[in-house]
Amino acid sequence: MNVALILSGGTGTRMGTEIPKQYIEIGGWPIISYCVRTLSSHEKIDAIQIVADQMWREQLGVWLQEVDVEEKFRGFSNPGQNRQLSILNGLEDIREYADDADCVLIHDAVRPMLTGKQIEDCLDAAEGHDGVLPVLPMRDTVYVSKDGKKISALLSRDEIYDGQAPEAFHLKPYYEATCQLLPERILQINGSTEPAILAGLDIAMIPGDEENFKITTITDLERFRKIVGD
15 MNVALILSGG TGTRMGTEIP KQYIEIGGWP IISYCVRTLS SHEKIDAIQI
65 VADQMWREQL GVWLQEVDVE EKFRGFSNPG QNRQLSILNG LEDIREYADD
115 ADCVLIHDAV RPMLTGKQIE DCLDAAEGHD GVLPVLPMRD TVYVSKDGKK
165 ISALLSRDEI YDGQAPEAFH LKPYYEATCQ LLPERILQIN GSTEPAILAG
215 LDIAMIPGDE ENFKITTITD LERFRKIVGD
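When you line the sequence shown up against the numbering used here, it's residues 15 to 244, in that order.
Here is the structure:
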């Protein structure tokens, strides 16, 4: 079984919008619905679990009915104190119906440009590995500053990559890697693949997709609005 875990628990406060950005409607649909439809229509995705705040679940249920994905939708999970705790809540719910060897595909609700090919590439690459991370090459020169005032070191951009989503992991090793970080270290985790790397899991890299950008700023929002033609 391949389960898509969609992270939609964010508040969106950094962007200054009245509602969380994943629920802003563009082209007549909330941003989250774009990745939901792509995932639900993919033949290799068997189930969908969504991390969402209680106050949005009723409206999400209406949207899910409208895009006709109820057959694969398995339930909601509670948001955590940070991203990785939200993932942990989702993993624990998924373990109620999935097997240890099954694959979990973690995706951000605010990455609406997900393609079927990216899903396929992640799931295919997960075979023979503990997990998969899509990456983009770093094009700019990267510097290190220990005090935020002067340059401390120069990093080789040939060895630096920008991680994307979705990230795919086999359920048991990834769940155990996440649990190992409890109770405090998990609060320092920012990326979904970090627990796997810290646990020494075998994580393969595959090419990411430049168009699969994350909506984090007003500029990103307007970029997606232009793509949709709204």
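Backbone N, C-alpha and C define an ideal beta-carbon position, used for all residues, glycine too.
* Asked: Quick one: what's Phe183 bridged to in DSSP?
  -> Note: Phe183 sits in a beta bridge opposite Val118, Gly145.
* Would you list the one or two residues that DSSP bridges to Ser91? => Answer is Val65.
* To do: Report yes or no: do three or more beta-carbon pairs, one from the region 103-114 and one from the region 80-95, lie closer than 8 angstroms?
  => Yes: at least three Cβ pairs fall under 8 angstroms.
* Expressed to the nearest angstrom, what Euclidean distance is found between the alpha-carbon atoms of Ala167 and Ile59? -> Looking at the two C-alpha atoms, the distance is approximately 43 angstroms.
* Please list the segments of the alpha helix (DSSP H) lying wholly inside the region 178-235, counting only runs of 4 or more residues, in order along the chain. => The qualifying runs are 185-193, 208-212.
* Asked: Does DSSP put Ala18 in a helix, in a strand, or in coil?
  -> Of the three classes helix, strand and coil, the one that applies to Ala18 here is strand, per DSSP.
* Asked: Would you report the Cα separation of Ala139 and Leu19, rounded to the nearest angstrom?
  -> Spanning the two alpha carbons is a distance of roughly 18 angstroms.
* Asked: How about His11 and Cys136: do their beta carbons lie closer than 8 angstroms?
  -> Missing from the structure shown is residue 11; the chain here goes from 15 to 244 and no further.
* Could you check which residue in Pro180, Lys186, Ile241, Thr52 has the C-alpha nearest to that of Asp223? => Relative to the Cα of Asp223, the nearest Cα in the group Pro180, Lys186, Ile241, Thr52 belongs to Pro180.
* Which class does Val124 belong to by DSSP, given the choice of helix, strand or coil? -> The DSSP-derived three-state label of Val124 is coil.
* To do: Grab the span of the beta strand (DSSP E) containing Tyr48 for me, first residue to last.
  => Premise fails: Tyr48 lies in the alpha helix (DSSP H), 45-55, not in any beta strand (DSSP E).
* Over what stretch of residues does the alpha helix (DSSP H) that includes Ala139 continue unbroken? -> Ala139 -> alpha helix (DSSP H) spans 130-140.
* Asked: Should Phe227 and Asp216 be called a contact, given that it needs their Cβ atoms to be closer than 8 angstroms?
  -> Their beta carbons are not under 8 angstroms apart, which means Phe227 does not touch Asp216 by this criterion.
* **Short Cβ contact (8 angstroms threshold) for Tyr175 with Leu195** => One thing to note: Tyr175 has its Cβ no nearer than 8 angstroms to the Cβ of Leu195.
* From Arg51 to Ile232, what does the alpha carbon distance come to, in whole angstroms? -> C-alpha of Arg51 to C-alpha of Ile232: approximately 24 angstroms in a straight line.
* Could you give the residue range of the beta strand (DSSP E) that holds Ala83? -> Correcting the residue type first, residue 83 is Val in the shown sequence and not Ala. Counting along the chain, Val83 falls outside any beta strand (DSSP E), and DSSP gives it neither H nor E.
* To do: Quick one: measure Cβ to Cβ for Met127 and Glu39, integer angstroms, because I've assumed they're closer than 8 angstroms.
  => Separation of the CB atoms of Met127 and Glu39 is rounded to 17 angstroms, and the pair is thereby denied contact status at 8 angstroms.
* My guess is that Val156 and Arg171 are in contact by the Cβ rule of under 8 angstroms, so how many angstroms apart are they, rounded? -> With a Cβ gap of about 6 angstroms, Val156 and Arg171 count as contacting.
* Asked: How long is the line joining the alpha carbons of Arg109 and Tyr188, rounded to whole angstroms?
  -> So the two alpha carbons sit approximately 12 angstroms from each other.
* Whose CA, out of Tyr48, Leu212, Leu21, Leu201, lies closest to the CA of Thr129? -> Among Tyr48, Leu212, Leu21, Leu201, the Cα nearest to that of Thr129 is on Tyr48.
* **Backbone CA spacing between Thr230 and Val124 [nearest angstrom]** => Straight through space, the alpha carbons of Val124 and Thr230 are spaced by roughly 8 angstroms.
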